[in-house]
Amino acid sequence: MTSRKERLRLTPPSEVYNRDVTACQGYRVLLSNQGTKRHKHPTRRLNEDGASVTCAVPGCSVLTNRKDGICRMHFQDKSIDRKAYVHFHTADWYGALLKTADSNTLGTARVAEHFEVIDWLLAWAGPDQARVSIVVEFTLAAVRAFHGVLDNATELQRQLVAARNGAGPDSVIATIVALVDRFFPSSTCDTQSVNIKFKDLGEISLPLKIGATMLALGLACEEINRGDATDVGVAKAKRAGCWMPVTYLLLRTRTELSRAKARICVNPRH
Ligand SMILES: [Zn+2]
37 MTSRKERLRL TPPSEVYNRD VTACQGYRVL LSNQGTKRHK HPTRRLNEDG ASVTCAVPGC
97 SVLTNRKDGI CRMHFQDKSI DRKAYVHFHT ADWYGALLKT ADSNTLGTAR VAEHFEVIDW
157 LLAWAGPDQA RVSIVVEFTL AAVRAFHGVL DNATELQRQL VAARNGAGPD SVIATIVALV
217 DRFFPSSTCD TQSVNIKFKD LGEISLPLKI GATMLALGLA CEEINRGDAT DVGVAKAKRA
277 GCWMPVTYLL LRTRTELSRA KARICVNPRH
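Here the sequence shown stands for residues 37 to 306, where the numbers follow the numbering used here.
Have a look at this one:
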């Protein structure tokens, strides 16, 4: 039997969104809501409205008004993992790198982890402390602009369906474009590149603007998919949201830790 999570993965969002954040020298960075990993809504419960619904436990047909979406009998059943019955976001928003000629399909898109993108930009900076400062200040400006400000994944999807002008995912793109332009202005940065290594492509040279956009977009998606600050207020937020990847950047720029050791600190599985 497929799990709820698996079924969600296979169900497309109610309205598809694929839009370029930036395009430059044969590459583009795209914001899409077609990610395949819907995250748990950090605050919302399965039956938040308290409607009369069928118990969410498979095979149970009991009607319940309980907000957690499972009937009283199953609520009291200790063998039931109640954490499995949570409200998932209605879309998974992610940033992807494509060649300009590629179609908007998931199969051609490349998604990089935060620490990879941070390493690309740090490789561009090299020993030049002025450049290192640009990368750090750019990242801090991005998380301050996003944390508790960007709408969560479900709300972005709702605004997309409602097609509100100026709101929703288009405004996320506008925020990112403005940030990148502020720290990596075209006048000085358009001729610069970052070297990026992909398992299948080997090392390729990408415009600096593409690398910076990927970092900002990755941070934005972290906040959108996992952050809870917009739901509960920044002061009450339990999730670090887009602040999380900043740890790696600070370890790499403020300590003498090697790339490998810094990655272990951020994620012991590395
Ligand atoms: Zn039940």
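Virtual Cβ for every residue (Gly too), placed ideally from N, Cα, C.
What separation, rounded to the nearest whole angstrom, lies between the Cα atoms of residue i and residue j?
{"i": "V147", "j": "L67", "result": "11 Å"}
{"i": "V185", "j": "I260", "result": "9 Å"}
{"i": "P48", "j": "T72", "result": "9 Å"}
{"i": "D217", "j": "D226", "result": "11 Å"}
{"i": "G164", "j": "G204", "result": "Going by the sequence as given, residue 164 is Asp instead of Gly. Cα to Cα, the separation comes out at about 37 Å."}
{"i": "Y284", "j": "T90", "result": "44 Å"}
{"i": "N231", "j": "M109", "result": "57 Å"}
{"i": "L286", "j": "V122", "result": "34 Å"}
{"i": "D206", "j": "S223", "result": "25 Å"}
{"i": "D117", "j": "P78", "result": "17 Å"}
{"i": "D349", "j": "D85", "result": "Absent from the structure is residue 349, since the part of the chain shown begins at 37 and ends at 306."}
{"i": "V302", "j": "E173", "result": "20 Å"}
{"i": "F111", "j": "K76", "result": "19 Å"}
{"i": "N83", "j": "I106", "result": "9 Å"}
{"i": "D138", "j": "V197", "result": "26 Å"}
{"i": "R295", "j": "A273", "result": "30 Å"}
{"i": "P304", "j": "G277", "result": "19 Å"}
{"i": "A199", "j": "N101", "result": "31 Å"}
{"i": "R290", "j": "V179", "result": "18 Å"}
{"i": "V213", "j": "S39", "result": "38 Å"}
{"i": "Q228", "j": "K297", "result": "29 Å"}
{"i": "P94", "j": "Q195", "result": "31 Å"}
{"i": "D113", "j": "K245", "result": "54 Å"}
{"i": "R55", "j": "I300", "result": "34 Å"}
{"i": "R167", "j": "Y53", "result": "34 Å"}
{"i": "G263", "j": "G269", "result": "11 Å"}
{"i": "V98", "j": "I240", "result": "57 Å"}
{"i": "P221", "j": "G62", "result": "19 Å"}
{"i": "G238", "j": "S115", "result": "48 Å"}
{"i": "G131", "j": "E258", "result": "10 Å"}
{"i": "R43", "j": "R275", "result": "26 Å"}
{"i": "A161", "j": "L215", "result": "18 Å"}
Hey, out of the options, whose CA is closest to residue i's CA?
{"i": "R288", "options": "N231, A256, H150 and D187", "result": "H150"}
{"i": "A87", "options": "L251, F219, R40 and D104", "result": "D104"}
{"i": "S50", "options": "K119, R81 and Q193", "result": "Q193"}
{"i": "R64", "options": "L215, N101, K135 and E42", "result": "K135"}
{"i": "T249", "options": "L133, A159 and A92", "result": "L133"}
{"i": "K233", "options": "G247, R81 and T175", "result": "G247"}
{"i": "R307", "options": "F111, Y53 and K41", "result": "Any property of residue 307 remains undetermined from this structure, which presents the chain solely from 37 to 306."}
{"i": "Q70", "options": "V179, W160, L158 and W129", "result": "W129"}
{"i": "G254", "options": "L242, W279, R81 and K119", "result": "W279"}
{"i": "F124", "options": "A159, R80, R167 and W160", "result": "R80"}
{"i": "A271", "options": "N101, H183 and R167", "result": "H183"}
{"i": "A120", "options": "G263, C257 and A92", "result": "A92"}
{"i": "E152", "options": "K235, G62 and R43", "result": "K235"}
For residue i, which residues does DSSP report across the bridge?
{"i": "F182", "result": "F182 pairs with nothing; no bridge assigned."}
{"i": "I300", "result": "Paired residues: none, contrary to the question."}
{"i": "R55", "result": "L67"}
{"i": "L255", "result": "Note: L255 sits in no beta bridge, so no partner."}
{"i": "D128", "result": "Q70"}
{"i": "C60", "result": "Y63"}
{"i": "N231", "result": "S241"}
{"i": "V89", "result": "T100"}
{"i": "L133", "result": "V65 and R146"}
{"i": "K76", "result": "F124"}
Could one say the Cβ of residue i lies closer than 8 Å to chain C's Cβ atoms, at least one of them?
{"i": "A273", "result": "Included in the structure is just one protein chain, with no chain C present."}
Contact defined as beta carbons within less than 8 Å: I believe residue i pairs with residue j. What is the distance between those atoms, to the nearest angstrom?
{"i": "T126", "j": "T190", "result": "5 Å"}
{"i": "I170", "j": "F219", "result": "6 Å"}
{"i": "V282", "j": "T175", "result": "6 Å"}
{"i": "T211", "j": "A177", "result": "Their Cβ separation, rounded to whole angstroms, is 11 Å, which puts T211 and A177 out of contact at 8 Å."}
{"i": "C60", "j": "P243", "result": "4 Å"}
{"i": "A159", "j": "V208", "result": "Incorrect: roughly 27 Å between the Cβ atoms, too far for contact."}
{"i": "L293", "j": "L157", "result": "Not quite, the Cβ-Cβ distance comes to about 17 Å (not below 8 Å), so this is no contact."}
* **Residues passing the C-beta test against ligand 1 heavy atoms, cut-off 6 Å** => Any residue whose Cβ sits closer than 6 Å to a heavy atom of ligand 1 makes the list: C91, V93, C96, V98, I106, C107, M109 and H110.
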